[in-house]
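K.L.:
Here's a structure for you.
Here is the structure:
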């Protein structure tokens, strides 16, 4: 009898849980027999060192949202990047280059430069999403039923890397300060090109500053 | 911000081709040829009441040396309606009608509306755009030098004068007309930073009824 109530309830909960996420979450799989070292090594081999992608990016902040097209050239190995945003009618909005420390704003329309440090904010998000997607060797490992969590200590925070799903891929990277998550990047629907994996959907939620980036992969150039 | 972006777009795409200056440096014969071509184009375009055209827009960012390609459809209905539909790489609709601009995109799935009367700069850009599509080529601006690259079908190169709005960002704009000169075949924009935009109009239909759905921003 229980299953007749439980199944619709589970479906309802799943639907409710998925509301607002425009991507498929990785299917829930047991990770009990998965070796953490293997997960990390395998993911390292599947990560592209350098890639150029075109995405659409929706920026949500205080109930407002704006979207644009992003062109990104990322070298995750050298930790360098060049990103440009253009609007849907082809007008360039910004162009930024940088590495793990430095940021160079090459161009931005006036509206983007009026408040705060726009370039640093974009660069910071790029680094969070695309750099250091592998936990350090010194990370602690916690095996849960459906995920493996690597916990990496940073000078002022903790970065957690969550691996899950049938392919044991990185599904979430989050930063914790004072026991609170201040940002998280979620990776969805990995696609393979030339033997390397690219998430077709990324959601970066910056809890500290109250905004969200939803990135939809449109094209992998290299 | 959205207003500024769209205004810039309007200024680049429409102002650029709105008028020409009577440059004293240009020889009399060349000026006469140019005047004659512009009069001819004005006359030919004056018969357009509605327009539906596909477009392929290739944006080449100098920093990447690769193109971002946008494809879609433009609808125009004189005197004051324009719809810009992008189908690739994402769906986006911008509709300018009466005193309002409406925008929708599939990612946010929201319609944003902007009043033109509350945004004079944008209203001015729209006004110039309307004059362009009406075929009124009397000098609206004194911002460009025009070079007649080819007489028939016409090909015109617009070079912004120094210390103008366009002069700050645009190196040149080349406009090629299609064979019957009733509409534009291609607009090629070279920016000072090295980026280029090639806007090719394809499958252009003139004076056909425009479906009502074209003027709806949203799915």
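Chains as they are written, first to last, in our numbering: chain V, 17 to 238; chain S, 209 to 427. Glycine residues also receive a C-beta, built at the ideal position from the N, C-alpha and C atoms. Remember, predicted model here, so these are calculated numbers, not experimental data.
(1) Rounded to the nearest angstrom, how far is the Cβ of residue 96/V from that of residue 115/V, given a contact under 8 Å?
(2) Against chain V, with Cβ distances strictly below 7 Å, would residue 272/S count as a contact?
(3) Return the CA-CA distance between residue 176/V and residue 76/V, expressed in angstroms with no decimal places.
(4) Given this structure, state the Cα-to-Cα distance separating residue 60/V from residue 51/V, to the nearest angstrom.
(5) Identify which residue in 414/S, 412/S, 416/S and 405/S has its Cα closest to the Cα of residue 102/V.
(6) Please list the partners that residue 68/V has in chain S, where partner means a Cβ-to-Cβ separation under 8 Å.
(7) Just by C-beta distance, which residues in the segment 115-141 of chain V are closer than 8 Å to chain S?
(8) Report, in whole angstroms, the separation of the C-beta atoms of residue 379/S and residue 400/S, which I expect to be a contact under 8 Å.
(9) Going by C-alpha distance, which of 180/V, 218/V, 154/V and 139/V is nearest residue 117/V?
(10) Between the C-alpha atoms of residue 226/V and residue 368/S, what's the straight-line distance to the nearest angstrom?
(11) In chain V, what lies closer than 7 Å to residue 405/S by C-beta?
(12) Does residue 163/V come out as helix, strand or coil in the three-state DSSP assignment?
(13) Could you tell me the distance, in whole angstroms, from the CA atom of residue 35/V to the CA atom of residue 316/S?
(14) Starting from residue 267/S, find everything on chain V with Cβ-Cβ shorter than 7 Å and list it in chain order.
(15) Below 8 Å on the Cβ atoms is my contact criterion, and I expect residue 296/S with residue 278/S to pass it. Report the Cβ-Cβ distance as a whole number of Å.
(16) Is there a Cβ of chain S sitting closer than 7 Å to that of residue 219/V, yes or no?
(17) Grouping DSSP H, G and I as helix and E and B as strand, with all else coil, what is residue 79/V?
(18) Counting pairs of beta carbons, one from the segment 311-326 of chain S and one from the segment 271-286 of chain S, are three or more of them closer than 8 Å?
(19) Measure the alpha-carbon distance for residue 133/V versus residue 179/V and round it to whole angstroms.
(20) May I ask which residues mark the beginning and end of the beta strand (DSSP E) holding residue 203/V?
(21) Quick test of your reading: residue 408/S and residue 386/S, contact by CB under 8 Å. State the CB separation rounded to the nearest angstrom.
(22) Between residue 323/S and the rest of its own chain, which residues show a CB-CB distance below 7 Å, the 5 nearest in sequence each way excluded?
(23) Just to make sure I have the definition right: I need the residues of chain V whose C-beta is within less than 9 Å of the C-beta of residue 298/S. Which are they?
(24) Output yes if chain S places a C-beta closer than 7 Å to the C-beta of residue 98/V; else output no.
(25) If I measure Cβ to Cβ from residue 191/V and keep anything under 6 Å in the same chain, skipping five residues before and after, which residues do I get?
(26) Find out if the Cβ-Cβ distance for the pair residue 155/V, residue 165/V is shorter than 7 Å.
(27) Does the beta carbon of residue 398/S sit closer than 7 Å to a beta carbon anywhere in chain V?
(28) Counting C-beta neighbours from all protein chains within 10 Å, is the total for residue 42/V 16 or more, i.e. buried, or is it exposed?
(29) Who are the neighbours of residue 414/S on chain V, taking C-beta pairs under 7 Å?
(30) Can you find the residues in the same chain that come closer than 7 Å, C-beta to C-beta, to residue 415/S, ignoring five residues on each side of it along the sequence?
(31) Give me the Cα-Cα distance between residue 241/S and residue 358/S, rounded to the nearest whole angstrom.
(32) For residue 84/V and residue 217/V, which I take to be in contact (beta-carbon distance under 8 Å), what is that distance rounded to the nearest angstrom?
(33) Which residue's Cα is closest to the Cα of residue 292/S: 318/S, 374/S, 261/S and 364/S?
(34) Thinking residue 113/V and residue 136/V are a contact (beta carbons under 8 Å), I'd like their distance in whole angstroms, please.
(35) If you draw a straight line from the C-alpha of residue 90/V to the C-alpha of residue 69/V, how long is it?
(36) Select from 389/S, 411/S, 353/S and 396/S the residue whose C-alpha is nearest the C-alpha of residue 251/S.
P.N.:
In short, the structure shows the following:
(1) For this step, residue 96/V is matched to residue 80 along the first chain. For this step, residue 115/V is matched to residue 99 along the first chain. Indeed they touch by this definition, with Cβ atoms about 5 Å apart.
(2) Along the second chain, read from residue 1 onward, the residue named residue 272/S stands at position 64. The Cβ of residue 272/S sits closer than 7 Å to at least one Cβ of chain V.
(3) On the first chain, position 160 is the one that residue 176/V refers to. On the first chain, position 60 is the one that residue 76/V refers to. The straight-line gap from Cα to Cα measures roughly 24 Å.
(4) Residue mapping note: residue 60/V aligns to position 44 of the first chain, counting from 1. Residue mapping note: residue 51/V aligns to position 35 of the first chain, counting from 1. Straight across, the Cα-Cα distance linking residue 60/V with residue 51/V is about 15 Å.
(5) Position 86 of the first chain, counted from the start, is the residue given in the question as residue 102/V. Here the closest residue by C-alpha is 405/S.
(6) Counted from its first residue, the first chain places residue 68/V at position 52. Chain order gives the chain S residues near residue 68/V as 272 and 274, where near means a beta carbon separation below 8 Å.
(7) Interface annotation for the segment 115-141 of chain V against chain S: 122, 123, 125, 126, 127 and 128, criterion Cβ-Cβ distance under 8 Å.
(8) In the second chain, the residue the question calls residue 379/S occupies position 171. In the second chain, the residue the question calls residue 400/S occupies position 192. At roughly 5 Å, the Cβ-Cβ gap stays under 8 Å, so residue 379/S and residue 400/S are in contact.
(9) Against the first chain, residue 117/V aligns to sequence position 101. Comparing Cα-Cα distances from residue 117/V to each of 180/V, 218/V, 154/V and 139/V, the minimum goes to 139/V.
(10) Residue 226/V sits at position 210 when you count from the first residue of the first chain. Residue 368/S sits at position 160 when you count from the first residue of the second chain. The alpha-carbon atoms of residue 226/V and residue 368/S are separated by roughly 43 Å.
(11) Taking the first residue of the second chain as position 1, residue 405/S is located at position 197. Those within 7 Å of residue 405/S in chain V are 106.
(12) For the purposes of this step, residue 163/V is identified with residue 147 of the first chain, where counting begins at 1. Reduced to three states, the DSSP call for residue 163/V is strand.
(13) In the first chain, counting from the first residue as 1, residue 35/V sits at position 19. In the second chain, counting from the first residue as 1, residue 316/S sits at position 108. The predicted position of residue 35/V is uncertain, since its pLDDT is 49 and thus under 50; a value taken from the coordinates is nonetheless stated next. Roughly 14 Å separates the two Cα atoms.
(14) To locate residue 267/S, count along the second chain from 1; it is residue 59. Ordered by position in chain V, the residues that pass the 7 Å Cβ test against residue 267/S are 102 and 106.
(15) Your numbering for residue 296/S matches position 88 in the second chain. Your numbering for residue 278/S matches position 70 in the second chain. So it is a contact: roughly 7 Å between Cβ atoms.
(16) Locating residue 219/V in the first chain gives position 203, where the first residue counts as 1. Not closer than 7 Å to any Cβ of chain S, the Cβ of residue 219/V fails to qualify, so no.
(17) In the first chain, counting from the first residue as 1, residue 79/V sits at position 63. Residue state, collapsed to three classes: coil.
(18) Look at the beta carbons and you see the segment 311-326 of chain S not touching the segment 271-286 of chain S: under three pairs across the two are nearer than 8 Å.
(19) Here residue 133/V corresponds to residue number 117 of the first chain, with the count starting at 1. Here residue 179/V corresponds to residue number 163 of the first chain, with the count starting at 1. Rounded to the nearest angstrom, the two C-alpha atoms are 33 Å apart.
(20) Walking along the first chain from the start, residue 203/V turns up at place 187. Here the beta strand (DSSP E) through residue 203/V covers 196-209.
(21) Position 200 of the second chain, counted from the start, is the residue given in the question as residue 408/S. Position 178 of the second chain, counted from the start, is the residue given in the question as residue 386/S. The beta-carbon separation of residue 408/S and residue 386/S, rounded to 11 Å, does not stay under the 8 Å limit for a contact.
(22) One-based indexing of the second chain puts residue 323/S at position 115. Within the same chain, residue 323/S has close Cβ partners 307 and 308.
(23) Walking along the second chain from the start, residue 298/S turns up at place 90. Within chain V, the residues near residue 298/S are 72, 83, 85, 104, 232 and 234.
(24) The residue labelled residue 98/V in the question sits at position 82 within the first chain. It does: the Cβ of residue 98/V has a partner Cβ on chain S nearer than 7 Å.
(25) For the purposes of this step, residue 191/V is taken as the residue at position 175 of the first chain. Answer for residue 191/V: 173, 175, 198 and 199, listed in chain order.
(26) For the purposes of this step, residue 155/V is taken as residue 139 along the first chain, with counting starting at 1. For the purposes of this step, residue 165/V is taken as residue 149 along the first chain, with counting starting at 1. No, the Cβ-Cβ distance between residue 155/V and residue 165/V is not below 7 Å.
(27) Here residue 398/S refers to the residue found at position 190 when the second chain is read from its first residue. Answer no: the Cβ-Cβ gap between residue 398/S and chain V never drops below 7 Å.
(28) Taking the first residue of the first chain as 1, we reach residue 42/V at position 26. Classification for residue 42/V: buried.
(29) Within the second chain, residue 414/S is the residue found at index 206, counting from 1. The premise fails here: residue 414/S is roughly 22 Å from chain V at the closest Cβ pair, so nothing lies under 7 Å.
(30) Counting from one through the second chain, the residue named residue 415/S turns up at place 207. Closer than 7 Å at Cβ, skipping near neighbours: 256, 257 and 258.
(31) Along the second chain, read from residue 1 onward, the residue named residue 241/S stands at position 33. Along the second chain, read from residue 1 onward, the residue named residue 358/S stands at position 150. Their Cα atoms are separated by approximately 11 Å.
(32) Working through the first chain from its first residue, we reach residue 84/V at position 68. Working through the first chain from its first residue, we reach residue 217/V at position 201. Contact doesn't hold; Cβ gap of about 17 Å is too wide.
(33) Mapped onto the second chain, residue 292/S falls at position 84. Closest by alpha carbon: 261/S.
(34) Taking the first residue of the first chain as position 1, residue 113/V is located at position 97. Taking the first residue of the first chain as position 1, residue 136/V is located at position 120. At roughly 13 Å, the Cβ-Cβ gap does not stay under 8 Å, so residue 113/V and residue 136/V are not in contact.
(35) Here residue 90/V refers to the residue found at position 74 of the first chain. Here residue 69/V refers to the residue found at position 53 of the first chain. C-alpha separation (whole angstroms): 8 Å.
(36) By 1-based counting over the second chain, the position of residue 251/S is 43. Residue 251/S has its Cα closest to that of 389/S, out of 389/S, 411/S, 353/S and 396/S.
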